[in-house]
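The structure appears below as structure tokens.
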Amino acid sequence: MQNSQAVKPAFAPGVARTFRRLKRYPATLIGFTIVGVFILLAIFGPLLAPYKYSDQDLANRLKPSSAEHWFGTDQFGRDIFSRVMVGSRDVFTIAGSGTLMAVVLGLTLGLLSGYFGGFTDEAIMRLMDVLLSIPPLLLAMIILGTVGSSRLNIVAVVGFLYIPMVSRVVRSVVLDLKTREFVEAAKMRGENNFYILFREILPNVLPPLAVEASMRFSYSIFLVASLGFLGLGVQPPSPDWGMMVSDARNWFNTAPWVLLFPAGTISLLVVGVAFTSDGFRRMLLPGGVSG
Amino acid sequence: MTADKASVLNVKDLWVSYATESGPMDIVRNVSLAIRPGEIYGLVGESGSGKTTLARALVRYLPRNGSITKGSISLGGTDLLSLPSNELRKVWGARITMVHQDPARAINPAIPVGEQIAEMARVHLGMSNSQARQKALEMLAKVQLPDPESVAGRYPHQLSGGMLQRILIATALTTNPQFLIMDEPTTALDVTTEAVILDLVRDLLREYQTAVLYITHNLGVVARICERVGVMYAGEIMEEGSIQQVFKQNFHPYTLGLLGCVPRINKDKSDIDLHTIPGYIPRPNALPSGCIFAPRCPLVEEACRQSRPDLIDAGDGHMSACLRWPEVVNIQPQSAKHARSERDASLQEAPLLLDARNIKKQFKLKRSGLANLFSWKSDTVQAVDNISIRVRKGATMGIVGESGCGKTTFARCIAGFETATSGDIILDGESLPPAIAKRSKAALKNIQLVFQNPDASLNPQHRVGESVGRPLALLGNVSQREIERRVRELFEAVNLPADYVNRLPHELSGGEKQRVAIARAFAANPALMILDEPISSLDVSVQAALMNLLAELQRANGTSYLFISHDLAAIRHLSDWIAVVYLGRVWEIGSAEDVFAPPYHPYTEALLSAIPIPDPDARQERIRLPGSVPSAVHIPVGCRFHPRCPRKLGPICETEEPPWQNVNRFHSICCHIPLEELTRLQAPSSAENEKERP
Numbered sequence: 005m006q007n008s009q010a011v012k013p014a015f016a017p018g019v020a021r022t023f024r025r026l027k028r029y030p031a032t033l034i035g036f037t038i039v040g041v042f043i044l045l046a047i048f049g050p051l052l053a054p055y056k057y058s059d060q061d062l063a064n065r066l067k068p069s070s071a072e073h074w075f076g077t078d079q080f081g082r083d084i085f086s087r088v089m090v091g092s093r094d095v096f097t098i099a100g101s102g103t104l105m106a107v108v109l110g111l112t113l114g115l116l117s118g119y120f121g122g123f124t125d126e127a128i129m130r131l132m133d134v135l136l137s138i139p140p141l142l143l144a145m146i147i148l149g150t151v152g153s154s155r156l157n158i159v160a161v162v163g164f165l166y167i168p169m170v171s172r173v174v175r176s177v178v179l180d181l182k183t184r185e186f187v188e189a190a191k192m193r194g195e196n197n198f199y200i201l202f203r204e205i206l207p208n209v210l211p212p213l214a215v216e217a218s219m220r221f222s223y224s225i226f227l228v229a230s231l232g233f234l235g236l237g238v239q240p241p242s243p244d245w246g247m248m249v250s251d252a253r254n255w256f257n258t259a260p261w262v263l264l265f266p267a268g269t270i271s272l273l274v275v276g277v278a279f280t281s282d283g284f285r286r287m288l289l290p291g292g293v294s295g
Numbered sequence: 005m006t007a008d009k010a011s012v013l014n015v016k017d018l019w020v021s022y023a024t025e026s027g028p029m030d031i032v033r034n035v036s037l038a039i040r041p042g043e044i045y046g047l048v049g050e051s052g053s054g055k056t057t058l059a060r061a062l063v064r065y066l067p068r069n070g071s072i073t074k075g076s077i078s079l080g081g082t083d084l085l086s087l088p089s090n091e092l093r094k095v096w097g098a099r100i101t102m103v104h105q106d107p108a109r110a111i112n113p114a115i116p117v118g119e120q121i122a123e124m125a126r127v128h129l130g131m132s133n134s135q136a137r138q139k140a141l142e143m144l145a146k147v148q149l150p151d152p153e154s155v156a157g158r159y160p161h162q163l164s165g166g167m168l169q170r171i172l173i174a175t176a177l178t179t180n181p182q183f184l185i186m187d188e189p190t191t192a193l194d195v196t197t198e199a200v201i202l203d204l205v206r207d208l209l210r211e212y213q214t215a216v217l218y219i220t221h222n223l224g225v226v227a228r229i230c231e232r233v234g235v236m237y238a239g240e241i242m243e244e245g246s247i248q249q250v251f252k253q254n255f256h257p258y259t260l261g262l263l264g265c266v267p268r269i270n271k272d273k274s275d276i277d278l279h280t281i282p283g284y285i286p287r288p289n290a291l292p293s294g295c296i297f298a299p300r301c302p303l304v305e306e307a308c309r310q311s312r313p314d315l316i317d318a319g320d321g322h323m324s325a326c327l328r329w330p331e332v333v334n335i336q337p338q339s340a341k342h343a344r345s346e347r348d349a350s351l352q353e354a355p356l357l358l359d360a361r362n363i364k365k366q367f368k369l370k371r372s373g374l375a376n377l378f379s380w381k382s383d384t385v386q387a388v389d390n391i392s393i394r395v396r397k398g399a400t401m402g403i404v405g406e407s408g409c410g411k412t413t414f415a416r417c418i419a420g421f422e423t424a425t426s427g428d429i430i431l432d433g434e435s436l437p438p439a440i441a442k443r444s445k446a447a448l449k450n451i452q453l454v455f456q457n458p459d460a461s462l463n464p465q466h467r468v469g470e471s472v473g474r475p476l477a478l479l480g481n482v483s484q485r486e487i488e489r490r491v492r493e494l495f496e497a498v499n500l501p502a503d504y505v506n507r508l509p510h511e512l513s514g515g516e517k518q519r520v521a522i523a524r525a526f527a528a529n530p531a532l533m534i535l536d537e538p539i540s541s542l543d544v545s546v547q548a549a550l551m552n553l554l555a556e557l558q559r560a561n562g563t564s565y566l567f568i569s570h571d572l573a574a575i576r577h578l579s580d581w582i583a584v585v586y587l588g589r590v591w592e593i594g595s596a597e598d599v600f601a602p603p604y605h606p607y608t609e610a611l612l613s614a615i616p617i618p619d620p621d622a623r624q625e626r627i628r629l630p631g632s633v634p635s636a637v638h639i640p641v642g643c644r645f646h647p648r649c650p651r652k653l654g655p656i657c658e659t660e661e662p663p664w665q666n667v668n669r670f671h672s673i674c675c676h677i678p679l680e681e682l683t684r685l686q687a688p689s690s691a692e693n694e695k696e697r698p
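Which chain is which? The protein sequence lines are A and W, in order.
Counted from 1, the first sequence has number 171 at position 167 by the working numbering; the numbering is strictly sequential.
Counted from 1, the second sequence has number 313 at position 309 by the working numbering; the numbering is strictly sequential.
Shown next as structure tokens:
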């Protein structure tokens, strides 16, 4: 194809252009909207919720959707809609902090391993292989079963489990970047490793890292929900989506909405985050980098 | 253009448009073409001129957002634009075929090459398996591949680039098509391979009555094989005519400018500055209202800005889209000439800056496949085998050789990116450690590098002013104001507007990025600048401007250059000294003039005769190298060049390493053939006879 070497690129202002692009990718737009709504819920959910999440109304237990209770009520007569709204905060804080931890540690290990190579690389990557070789949910259950389940412990487990994935992505990007000419030019003028790593390489790692982080976030949401389902998540009476699904299994025959609404919410958020992640990939990595 | 009854392909007033984010863009406008059977029509233009889009439109193979908005295309009476897609598929391959630029990507890697040709014969000629196989062998023999039987059974990765390109040509000609498009078919090849392929194309097409559209950016290639040529600029044809008309008597200032941009092998930087075309190709959605070339044209006058000139016949089928075409003929490209000074003499005596002695670099190569699992042995690649090169202060040493000869590895050893296996690098009397990590800051600062790929040489996340200022900041105790002042100076020195300092690399064109890279290298005020193919990926007009810039900066700063290139004309233009490298060794070294005049090493001679010269009257010796460069793992014994040498003496070449012979104090050749004999053999050489334009 013709390249645009001699043609001066035109620049639409960044925001307008981003929006115009978004319109061409409806999935991304939907993803952004879903995630945006859930973020608002996470912040304002407890204020907006029509009922208190723990208010029991045993007279109105297992009622289907109605004008008063949009998502119906559960076995204790609690408003499912309010519980889902309030529960989103825990999902964001726990899955988000876990992802953040995985990203920070994975980035550090990936940078070191990719840039220095040799023994450092071997040591770090084989350690990551060990972590990867154990099924994540099993490992999470073992750890939480041993140290007990608390918000902090769940965050630590989620972060710990996803370090290998992040560090592998970062490493592969660094391996490519460190042979680029601009890095060689930096070596040529006598820059130290610190400068090359943080000023030359790191800024170029960020776009693929953002894509990877958003994908890890959607995995984390699922993991947190799974732990809740297994009873290893946030403890009652805090509304945990996974635990809500787990509890609702007993009434599925008579009151399927008790299960379907929380489960649907989990799916909706995971799909929204996945679409968002895809959109990030399209916007930040136009050339397409795997990872 | 009148619809020529005799032409196979008739294109009239074709418009091609792409739907883009910023609205529809007319990439090709108002193009008419007529190509007769058996004619090779050259389409030249710089990148972004729309040549590839035109070619794709001709076969109706545009990307999804592209469409033909106006015009007609007829092939031998069939109206291609009204053909339904199932009919079109029958035309593709049978009546229209295409040869692409990169043979390695155009051939399916998982199917033996003979099978791919046979497939064409089966599908389009309705042949049986055995007939098709026979046809494939016949085609392979036609493109002069040795031993067609064995080649037919091989997979693409077992063949060299030149062989693959022959196979593509064989595939394209299997169905004896009416129309063949060749899109830069030799651009990815070495100059000696290119010469062989061009000869083959020219000879082969005499047998066929195929109309050929040959797309290229290289005017020399056009001059060598085409009969007629169209010069395309920003989506329109600016000038069209026979080779003689366009090259000898051109009627358009753009063509004139392009021809002036190409360095010639009988002139160098101390004779002339190359002609340049200022400015850029306009974007298709921001075209000037008058003549599209007006903003860059040296002959522009008021009338040019008023209305767009039509492509008119200026006599004998020579078309020009210039209002002032009768005046263009009388104009010479404006090349500033330099008075030849005593500079040459003084340079030959200038003190040494770099003395690289007996540099060797070996790479261990793991064996591929299963062998690797069961064996600890590895093969050794002798990428650089005993190269000694000296660079004098303020002078340019050019290293020329084909791909894989070790020239880049050598440069990287000097720069310290590769640690030389053995040898000494002495810079300004001081011995440098081979590895970059062990070199002192002062030594690092003294050697700077300009890379080939402008896209990778600048950090995409750094503003370009920052990139240029960084080497200054590294020196320490320089104030921020002082740095900004120097950056402005450097930007001015490389002819970039001062407000570019705040731009990001992706906002710059390839040529501009390379200017920033040069400014950055000069910011450290180095004594030695390594230029590793700095202009190869750019358009000719941009190349010319950069070569002028490099020559000017050298005159102003007295910097020494180590200039690495496969482009002999560029090497000749910029270098004071030249070393010719083949398979990791130097075979001829001397002052630029001496190397380009007989006696030459037979390899140099072959290289010179392969250069495509943009002059249809240029007479060159026809010396062609058979085969391809042997791998550096299995280096031939005796003289390394003997398997391909057209002047091989006899058994001595196969057994004994050739001796160095001194032609004069500065010029040496490594060959068994005595110098007197070389001089006699090469006496009627005409590479130097390239005539000047009248």
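Glycine is no exception: its CB is placed at the ideal position from the N, C-alpha and C atoms.
Checklist line | Residues near W:Thr608 by beta carbon distance below 7 Å, same chain, minus five either side | finding: Val584, Glu592 and Val599
Margin query: If contacts are defined as beta-carbon pairs under 8 Å, then W:Ala446 and W:Asp580 qualify, I think. What distance do you get, rounded to the angstrom?
Written below: That pair is no contact at about 26 Å.
Notebook entry, point to check: Residues of chain W with a CB under 9 Å from the CB of A:Pro207: which are they?
Noted result: Asn463, Pro464, Gln465 and His466
Note to self: In this structure, how does DSSP classify A:Arg220 when only helix, strand and coil are distinguished?
What the structure shows: helix
Next item on the list: For the segment 40-50 of chain A and the segment 204-215 of chain A, state whether three or more C-beta atom pairs, one from each stretch, are separated by less than 8 Å.
Entry: no
Margin query: For the structure I just gave you, are there three or more beta carbon pairs, one from the segment 95-113 of chain W and one from the segment 169-184 of chain W, closer than 8 Å?
Written below: yes
Check: Just the Cα atoms here: how many angstroms apart are A:Val11 and A:Gly49?
Finding: Unreliable positioning characterises A:Val11 in this predicted model, as indicated by a pLDDT of 36, which lies under 50. The coordinate reading is nonetheless provided below. Each residue's Cα considered, the two are about 51 Å apart.
Margin query: Below 7 Å on C-beta distance, what does W:Gln452 contact in chain A?
Written below: Met192
Notebook entry, point to check: Is W:Gly54 closer than 9 Å to W:Val233 when the C-beta atoms are compared?
Noted result: no
Check: Can you list, in chain order, the residues of the segment 166-188 of chain A whose Cβ is nearer than 7 Å to any Cβ on chain W?
Finding: Arg184, Glu185, Phe186 and Glu188
Check: At what residues does the alpha helix (DSSP H) containing W:Trp581 begin and finish?
Finding: Looking at the DSSP string, W:Trp581 is not in any alpha helix (DSSP H); the run it does join, the beta strand (DSSP E), is Trp581 to Tyr586.
Margin query: With DSSP as the reference, identify every bridge partner of W:Tyr45, one or two as the case may be.
Written below: W:Leu217 and W:Arg232
Next item on the list: Could you check what DSSP says for W:Met102 in three-state terms: helix, strand or coil?
Entry: strand
Note to self: Looking at chain W, is there any beta carbon in it that lies within less than 9 Å of the beta carbon of A:Glu216?
What the structure shows: no
Item checked: According to DSSP, residues forming a beta bridge with W:Phe183 -> W:Ile100 and W:Ala215
Checklist line | Any 3 or more C-beta pairs closer than 8 Å across the segment 558-576 of chain W and the segment 62-81 of chain W | finding: no
Margin query: I need the straight-line Cα distance from A:Pro54 to A:Gln60, nearest angstrom please.
Written below: 13 Å
Notebook entry, point to check: At a Cβ threshold of 9 Å, is A:Glu204 touching chain W?
Noted result: yes
Check: Do three or more CB pairs link the segment 284-291 of chain W to the segment 233-252 of chain W at distances below 8 Å?
Finding: yes
Checklist line | Buried or exposed by the 16-neighbour rule on C-beta atoms within 10 Å, applied to W:Asp536 | finding: buried
Item checked: Nearest-angstrom Cβ-Cβ length linking W:Ile393 and W:Phe421, presumed shorter than 8 Å -> Between W:Phe421 and W:Ile393 the Cβ distance is about 17 Å, and since that is not below 8 Å, they are no contact.
Next item on the list: Taking only beta carbons into account, state which residues of the segment 431-449 of chain W come closer than 7 Å to chain A, listed in chain order.
Entry: Ile440, Lys445, Leu448 and Lys449
Note to self: Which residues in chain A have a C-beta closer than 9 Å to the C-beta of W:Arg524? List them in chain order.
What the structure shows: Ala189 and Arg193
Item checked: Straight-line Cα distance separating W:Ala108 from W:Glu211 -> 27 Å
Check: At a CB-CB cut-off below 7 Å, which residues of chain A make contact with W:Pro475?
Finding: Arg193
Note to self: Quick check: the Cα distance between W:Ile247 and W:Glu231, rounded to an integer number of angstroms?
What the structure shows: 6 Å
Checklist line | Boundaries (first-last residue) of the beta strand (DSSP E) holding W:Pro28 | finding: Gly27 to Ile39
Next item on the list: Say whether the segment 93-112 of chain A touches the segment 143-152 of chain A, bearing in mind that this needs 3 or more beta-carbon pairs closer than 8 Å, one atom from each stretch.
Entry: no
Notebook entry, point to check: Can a CB atom of chain A be found closer than 9 Å to the CB of W:Asn457?
Noted result: yes
Check: Can you tell me whether DSSP reads A:Ser137 as helix, strand or coil?
Finding: helix
Notebook entry, point to check: Does the segment 460-469 of chain W touch the segment 506-524 of chain W, meaning 3 or more C-beta pairs lie closer than 8 Å?
Noted result: yes
Check: So which residues of chain C does W:Phe421 contact, with C-beta pairs closer than 9 Å?
Finding: Given the protein chain composition of this structure (A and W), no chain C is represented.
Note to self: Beta-carbon within less than 6 Å of W:Ala136's beta-carbon, same chain only, minus the 5 sequence neighbours each way: which residues are those?
What the structure shows: Ala122, Ala125 and Arg126
Item checked: 9 Å Cβ cutoff, W:Leu85 in contact with chain A -> no
Checklist line | Selection of the segment 528-540 of chain W by Cβ proximity to chain A, strictly under 8 Å | finding: Ala528
Notebook entry, point to check: Which one of W:Ser407, W:Gly245 and W:Gly81 has the shortest CA to CA distance from W:Ala192?
Noted result: W:Ser407
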